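In my numbering, the protein residues as written are 576 to 692.
Quick notes on the structure that follows.
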């Protein structure tokens with residue numbers, strides 16, 4: 576994402592925190608708030624409103640969970656889902672962390688395209 580300047584401009588607010596904690600999950604730019612509907616529109620049109628509402632709430636909980644330092648390692652789940660351990664690398668500022676772990680929920684795509692660490 577850092578190679579695409581307009582996408583990074585919208586997302587860098589989320590990465591600007593000096594701390595990695597639950598508040599990082601809520602740190603979003605104004606432009607990201609206006610463009611998020613593009614990604615959610617197909618889902619909103621395809622499922623009943625009640626299921627869509629549950630999805631939005633579960634996604635918010637997941638964002639809180641993934642932005643915590645309290646969870647260190649989840650064993651075999653680390654091979655399948657994007658865990659707090661993986662997401663800490665995504666937020667890292669060291670050179671080896673840049674452009675790593677883009678997966679929202681599944682880490683398998685990052686493993687497949689070799690952009691995980």
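Idealized CB from N, CA, C, for every residue including glycine.
Bear in mind the structure is a predicted one, so any value in this text is a computation, not a measurement.
| Query | Result |
| --- | --- |
| Nearest candidate by alpha-carbon position, reference residue 641, set 587, 600 and 686 | 600 |
| Segments assigned alpha helix (DSSP H), at least 4 residues, entirely inside the stretch 582-622 | 597-601 and 605-621 |
| Inside the stretch 628-661 only - beta strand (DSSP E) runs reaching at least 3 residues | none |
| Cβ-Cβ separation, residue 682 to residue 666 (assumed contact under 8 Å), whole Å | Actually they are not in contact, since the Cβ atoms of residue 666 and residue 682 sit about 15 Å apart, beyond 8 Å. |
| Backbone CA spacing between residue 659 and residue 623 [nearest angstrom] | 30 Å |
| Pair within 8 Å by beta-carbon distance, residue 626 and residue 657 | no |
| Beta bridge counterpart(s) of residue 681 as assigned by DSSP | 656 |
| Exposed unless 16 or more other CB atoms sit within 10 angstroms - verdict on residue 678 | buried |
| Proximity of residue 668 and residue 595 at Cβ, strictly below 8 Å | no |
| CB of residue 616 within 8 Å of CB of residue 630, strictly | no |
| Among 685, 587, 651 and 643, the one whose alpha carbon lies nearest that of residue 606 | 587 |
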